[in-house]
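Those sequence lines, one after another, are chains U and B.
Using numbering that gives the first Met the number 0, read the first sequence as starting at 0 and increasing by one per residue.
Using numbering that gives the first Met the number 0, read the second sequence as starting at 0 and increasing by one per residue.
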Amino acid sequence: MKPLLPLAVLFFAVAASAAPTVTRLTPPSELFSSGHAEPVIARFLPGQRFDLQATIRPDAGRRITTVRFAVDGADLEQTVSLRDCASGCVKNVDPASAIASLRAYSLNKPGLHELTVKAVQDDGQAISAKGNFEVVPFKAAFGPKIKNIIILLGDGMGAAQRTAARLIHGYAQGKAVEALAMDTFPATALVKTASLNSIVTDSAPGMTAYVLGNKNNNNEEGVFPDDTVDAFDNPRIEYLSEYLHRTQGKALGVVTTADVFDATPAGNAVHTSDRGAGTGIVDQFFDDRGHTGLSVLMGGGRKWFLPASTPGSARSEANDYAFSATDPHTAEIARRWGVAAGAKDPERDLIKDFEAAGFAYAATKSDLDRASDAKALLGLFAFSNMNVALDKINGRRGLKTGLQGTVVEDFGLPDQPMLDEMVDAALKVLDRKTQGFVLMAEGASIDKQAHLMDSDRWMLEVLEFDRAVKRAQDYAARRGDTLVIVTADHECSGASLIGASTVSDAQLRELARAKGVSNLRDKVVGNYEKAGFPHYKLAADGYPETMDIDRRLLVGYGANADRYEDWRTSKTPQRDPQQPFAKAEPLKWYPATPSERDAAVGEYFVTGQVPGESAVHTATDVPLSAFGPGALSFSGVIDNTDVFFKLAQAAIKGVTAPADTSGAKRPAAKP
Amino acid sequence: MRRALPAVFFLASLLALPAGAVRADTVELRFDELIRKPVGPRGLEFSDKLLGAQGRQVRIAGYMVREETPRAGSFRLAPQPVGEDDDESSDLPASTFTVLLDPAQSQRFVLNPKGLITIEGRLEVGRQEAPDGRVSWLRLQLAPDALTLTSDNKP
Numbered sequence: 000m001k002p003l004l005p006l007a008v009l010f011f012a013v014a015a016s017a018a019p020t021v022t023r024l025t026p027p028s029e030l031f032s033s034g035h036a037e038p039v040i041a042r043f044l045p046g047q048r049f050d051l052q053a054t055i056r057p058d059a060g061r062r063i064t065t066v067r068f069a070v071d072g073a074d075l076e077q078t079v080s081l082r083d084c085a086s087g088c089v090k091n092v093d094p095a096s097a098i099a100s101l102r103a104y105s106l107n108k109p110g111l112h113e114l115t116v117k118a119v120q121d122d123g124q125a126i127s128a129k130g131n132f133e134v135v136p137f138k139a140a141f142g143p144k145i146k147n148i149i150i151l152l153g154d155g156m157g158a159a160q161r162t163a164a165r166l167i168h169g170y171a172q173g174k175a176v177e178a179l180a181m182d183t184f185p186a187t188a189l190v191k192t193a194s195l196n197s198i199v200t201d202s203a204p205g206m207t208a209y210v211l212g213n214k215n216n217n218n219e220e221g222v223f224p225d226d227t228v229d230a231f232d233n234p235r236i237e238y239l240s241e242y243l244h245r246t247q248g249k250a251l252g253v254v255t256t257a258d259v260f261d262a263t264p265a266g267n268a269v270h271t272s273d274r275g276a277g278t279g280i281v282d283q284f285f286d287d288r289g290h291t292g293l294s295v296l297m298g299g300g301r302k303w304f305l306p307a308s309t310p311g312s313a314r315s316e317a318n319d320y321a322f323s324a325t326d327p328h329t330a331e332i333a334r335r336w337g338v339a340a341g342a343k344d345p346e347r348d349l350i351k352d353f354e355a356a357g358f359a360y361a362a363t364k365s366d367l368d369r370a371s372d373a374k375a376l377l378g379l380f381a382f383s384n385m386n387v388a389l390d391k392i393n394g395r396r397g398l399k400t401g402l403q404g405t406v407v408e409d410f411g412l413p414d415q416p417m418l419d420e421m422v423d424a425a426l427k428v429l430d431r432k433t434q435g436f437v438l439m440a441e442g443a444s445i446d447k448q449a450h451l452m453d454s455d456r457w458m459l460e461v462l463e464f465d466r467a468v469k470r471a472q473d474y475a476a477r478r479g480d481t482l483v484i485v486t487a488d489h490e491c492s493g494a495s496l497i498g499a500s501t502v503s504d505a506q507l508r509e510l511a512r513a514k515g516v517s518n519l520r521d522k523v524v525g526n527y528e529k530a531g532f533p534h535y536k537l538a539a540d541g542y543p544e545t546m547d548i549d550r551r552l553l554v555g556y557g558a559n560a561d562r563y564e565d566w567r568t569s570k571t572p573q574r575d576p577q578q579p580f581a582k583a584e585p586l587k588w589y590p591a592t593p594s595e596r597d598a599a600v601g602e603y604f605v606t607g608q609v610p611g612e613s614a615v616h617t618a619t620d621v622p623l624s625a626f627g628p629g630a631l632s633f634s635g636v637i638d639n640t641d642v643f644f645k646l647a648q649a650a651i652k653g654v655t656a657p658a659d660t661s662g663a664k665r666p667a668a669k670p
Numbered sequence: 000m001r002r003a004l005p006a007v008f009f010l011a012s013l014l015a016l017p018a019g020a021v022r023a024d025t026v027e028l029r030f031d032e033l034i035r036k037p038v039g040p041r042g043l044e045f046s047d048k049l050l051g052a053q054g055r056q057v058r059i060a061g062y063m064v065r066e067e068t069p070r071a072g073s074f075r076l077a078p079q080p081v082g083e084d085d086d087e088s089s090d091l092p093a094s095t096f097t098v099l100l101d102p103a104q105s106q107r108f109v110l111n112p113k114g115l116i117t118i119e120g121r122l123e124v125g126r127q128e129a130p131d132g133r134v135s136w137l138r139l140q141l142a143p144d145a146l147t148l149t150s151d152n153k154p
């Protein structure tokens with residue numbers, strides 16, 4: 000037998016290379032990837048639409064001629080589009096590979112289903128592969144359907160970020176003086192945040208898991224991964240907004256303090272594998288408003304809405320989208336999903352298009368105050384991300400902490416609304432929607448400032464965010480038919496509340512002048528009982544009079560980049576590289592990186608555990624709080640995708656749990 | 000994978016020039032004179048001074064952008080020391096200067112000098128789109144003598 004072994008190996012090697020191979024089957028499954036039926040990766044609601052797709056590599060010199068999909072053994076009759084990879088595919092994919100797609104499939108029958116793809120090569124050889132997915136049934140309802148859903152997303156807001164905001168509200172002998180609004184929510188869960196391709200998610204799949212019920216790859220939103228380079232042709236999954244608009248006529252509101260093309264806002268309505276494809280993302284917000292019910296869109300990002308010839312515009316054909324009228328690979332997206340085909344139109348005046356479609360446009364808070372509740376609303380208050388809460392508040396207080404005035408004056412945008420004001424405006428518009436709404440409001444710069452390890456700025460972001468939570472909670476309490484969840488897409492920076500300064504602010508400044516770790520760490524950092532209770536004083540506007548108090552709260556970072564630390568508030572924010580007018584003189588002298596920020600003061604260098612200049616996201620679970628009918632269904636340690644099914648259940652069939660521990664079906668009118 | 004650099008140059012005229020070294024016809028650009036503030040409800044408005052400097056020699060300070068894949072024949076100048084190793088959502092400012100080497104130097108790569116640098120070049124104002132879709136509104140065309148071969152790479 001021994002001499003036969005090489006021949007046997009050769010035989011199997013030849014056999015292996017002489018058959019076409021299915022290299023990808025979508026929806027993703029462990030059954031396809033590893034042969035194990037569990038865990039089930041892809042789950043959908045009854046009737047929720049999604050694309051089926053397979054990549055098949057033929058033998059050398061051959062091509063794939065036909066592909067069929069089957070579910071539970073029954074062939075599907077819908078059109079299957081085929082394209083090859085002669086061009087437009089990612090590296091390492093054989094150019095002869097065929098990509099087969101069946102768009103906008105759905106299934107009502109609950110349970111685990113087997114997906115089969117069957118392909119035939121031009122010499123008659125056939126190949127098949129199997130995967131699986133689950134249709135999650137609705138449960139019997141405990142209470143009525145909810146009318147409205149409000150998702151408040153503190154980007155990067157882990158437990159430490161929440162606690163820090165509460166500590167600023169004050170503690171006395173171990174008891175919180177004033178709870179955060181989100182602390183008063185009756186239900187809490189811990190959420191697992193991993194994405195489809197990493198334990199550490201970014202904001203795109205971190206958001207979409209909540210509103211798709213499925214895992215996406217990092218940097219991708221509303222789609223499963225594929226083998227093409229086209230950012231807009233990936234297999235789609237229907238969003239909560241699309242599903243509820245299609246089935247119930249609900250409207251969608253998206254509010255953020257970031258650029259509206261950013262991953263979190265886009266991850267409620269836009270389908271792309273490139274979270275940076277700004278032009279196409281904002282176009283799709285508008286083009287498919289009839290499918291998402293988009294009625295409110297607010298934040299920064301004006302640069303994507305201006306015709307390319309307008310100074311400050313960042314519109315580009317290169318990151319726009321357009322589906323072919325003739326190539327079925329993308330033509331089927333428009334045909335089967337019933338969505339816009341898009342166009343490469345850098346000269347498009349998207350603000351004008353919104354206005355022509357009946358939207359009111361606000362460029363400032365003053366505009367927002369004047370906007371009619373009766374009209375849909377577009378608010379673009381900055382060219383990229385909006386200024387952060389600390390700088391907006393200092394601007395309102397007239398504190399000239401910028402280089403030529405207030406920071407917001409330095410940016411040329413002195414009249415920006417706070418997040419709670421934006422949420423108020425959004426609720427006024429959405430409250431008129433007779434079929435209800437889904438509102439996602441994001442405190443974006445909790446994450447962005449945590450990346451920069453600017454502790455005071457992200458702490459005020461959480462305070463601003465919590466004021467928005469309060470507005471939403473009051474609305475939900477008043478109505479009784481609105482479910483509110485407060486959560487995060489992931490934690491950012493490994494923020495850790497290590498204690499408090501043991502010295503006054505004046506002494507801290509002295510120690511910074513004395514420099515070095517022996518002064519700024521050893522003589523400052525108080526832990527355990529030496530930390531005591533920092534006492535911030537809140538002004539009438541609800542924000543601390545100053546963050547530079549005596550015996551201030553101190554923050555360490557477990558996912559930090561190199562930085563210098565002097566503990567005190569930086570007068571100016573990090574320069575934002577997305578600001579199209581960041582060349583303006585006042586910004587020139589802003590510190591550019593965390594390591595540069597405090598370099599001139601103190602010389603207390605903290606070595607980073609990650610490369611680069613920014614702290615990073617972590618894989619740590621994040622808290623979720625719920626208020627309103629069905630709130631108690633959010634408990635335990637849950638997957639981020641579970642949230643989607645709980646929200647849909649409450650909206651489609653009715654809630655499955657009480658609003659609070661009293662057993663009531665509706666929340667108390669006065670939280 | 001980083002592209003191998005066939006030859007690395009540094010800019011002879013980059014490091015901060017003493018005021019006396021500025022040519023008489025060079026326009027000193029102050030950043031607070033570039034954009035009208037507060038910004039209006041739509042696009043940016045460039046100042047008359049900036050627009051008036053089009054086609055002229057200007058002098059401005061900034062940071063050379065650290066590129067994941069350096070490009071031959073050009074680099075970019077930003078108001079802060081940013082890099083390109085972040086994902087696509089961390090776009091550079093639309094107003095980042097694209098600094099163009101002399102056409103005869105189109106295959107050359109420029110060494111990234113650390114810190115704030117001062118650049119002199121001929122100013123172009125107007126939209127120009129790079130192949131990767133990034134838009135620049137301001138460009139500086141360097142003179143042929145702006146580059147000097149570094150000692151490490153001298154033949």
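The beta-carbon is built from N, C-alpha and C at its ideal position, and this holds for glycine as well.
None of the values given here were measured: they were computed from a predicted structure.
Around the Cβ of residue i, are there at least 16 other Cβ atoms within 10 angstroms (buried) or fewer (exposed)?
{"i": "Asp71/U", "result": "exposed"}
{"i": "Arg133/B", "result": "buried"}
{"i": "Gly289/U", "result": "exposed"}
{"i": "Ile198/U", "result": "exposed"}
{"i": "Ser465/U", "result": "Residue identity differs from the one stated: residue 465/U is Asp in this sequence, not Ser. Label assigned to Asp465/U: buried."}
{"i": "Gly122/U", "result": "Inspection of the sequence shows that residue 122/U is occupied by Asp rather than by Gly. Looking at its Cβ environment, which holds fewer than 16 other Cβ atoms inside 10 Å, Asp122/U is exposed."}
{"i": "Gln472/U", "result": "buried"}
{"i": "Tyr527/U", "result": "exposed"}
Does chain U have any CB closer than 8 Å to the CB of residue i?
{"i": "Val57/B", "result": "no"}
{"i": "Ser135/B", "result": "no"}
{"i": "Lys48/B", "result": "no"}
{"i": "Phe45/B", "result": "yes"}
{"i": "Arg41/B", "result": "yes"}
{"i": "Ser88/B", "result": "Its pLDDT being 40, under 50, Ser88/B is placed unreliably in this model, and the coordinates cannot settle the point."}
Cutting at 6 Å between CB atoms, please list the residues of its own chain near residue i, excluding the five before and the five after it.
{"i": "Val135/U", "result": "Arg42, Phe644"}
{"i": "Ala646/U", "result": "Looking at the sequence itself, residue 646/U is Leu, so the reference to Ala does not match. Cβ neighbours of Leu646/U beyond the five flanking positions: Ile148."}
{"i": "Pro264/U", "result": "Val253, Thr255"}
{"i": "Pro327/U", "result": "Ser80"}
Does any residue of chain B have a CB that is nearer than 8 Å to the CB of residue i?
{"i": "Leu398/U", "result": "no"}
{"i": "Ile40/U", "result": "no"}
{"i": "Ile350/U", "result": "yes"}
Strictly below 9 Å CB to CB, what residues from chain U border residue i?
{"i": "Glu128/B", "result": "Ala307, Ser315, Glu316, Ala317, Pro345"}
{"i": "Ile116/B", "result": "Here the premise fails: no neighbours, minimum Cβ distance about 13 Å."}
List the residues of chain U that residue i touches, going by C-beta distances under 8 Å, in chain order.
{"i": "Pro37/B", "result": "Glu408, Gly411, Leu412, Pro413, Asp414"}
For a contact defined as C-beta to C-beta under 7 Å, what are the partners of residue i on chain U?
{"i": "Gly132/B", "result": "Ser315, Ala317, Asn318"}
What residues of chain B sit near residue i, judged by a beta carbon separation below 9 Å?
{"i": "Ala362/U", "result": "Val38, Gly39, Pro40, Arg41"}
Roughly how far, in whole angstroms, is the beta-carbon of residue i from the beta-carbon of residue j, given that I think they are within contact range, below 8 Å?
{"i": "Leu146/B", "j": "Ile118/B", "result": "With 8 Å as the limit, Leu146/B and Ile118/B do not qualify as a contact, their Cβ atoms being about 13 Å apart."}
{"i": "Leu349/U", "j": "Tyr360/U", "result": "About 10 Å separates the two Cβ atoms, so there is no contact after all."}
{"i": "Val422/U", "j": "Arg470/U", "result": "5 Å"}
{"i": "Ala175/U", "j": "Thr655/U", "result": "With a Cβ gap of about 31 Å, Ala175/U and Thr655/U do not count as contacting."}
{"i": "Val468/U", "j": "Leu151/U", "result": "5 Å"}
{"i": "Pro204/U", "j": "Ser272/U", "result": "Not a contact, Cβ separation roughly 11 Å."}
Which chain B residues are close to residue i, counting only those with a beta carbon under 8 Å from its beta carbon?
{"i": "Ile280/U", "result": "Neighbours of Ile280/U on chain B: none; closest Cβ ~10 Å, over 8 Å."}
Sorted by chain position, which residues of the same chain lie with C-beta nearer than 7 Å to residue i's C-beta, five sequence neighbours on each side aside?
{"i": "Ala330/U", "result": "Phe322, Ser323, Ala324"}
Going by beta carbon distance, what residues of the same chain come within less than 8 Å of residue i, once the five residues before and after it are set aside?
{"i": "His112/U", "result": "Val70, Asp71, Leu106, Asn131, Phe132, Glu133, Val134"}
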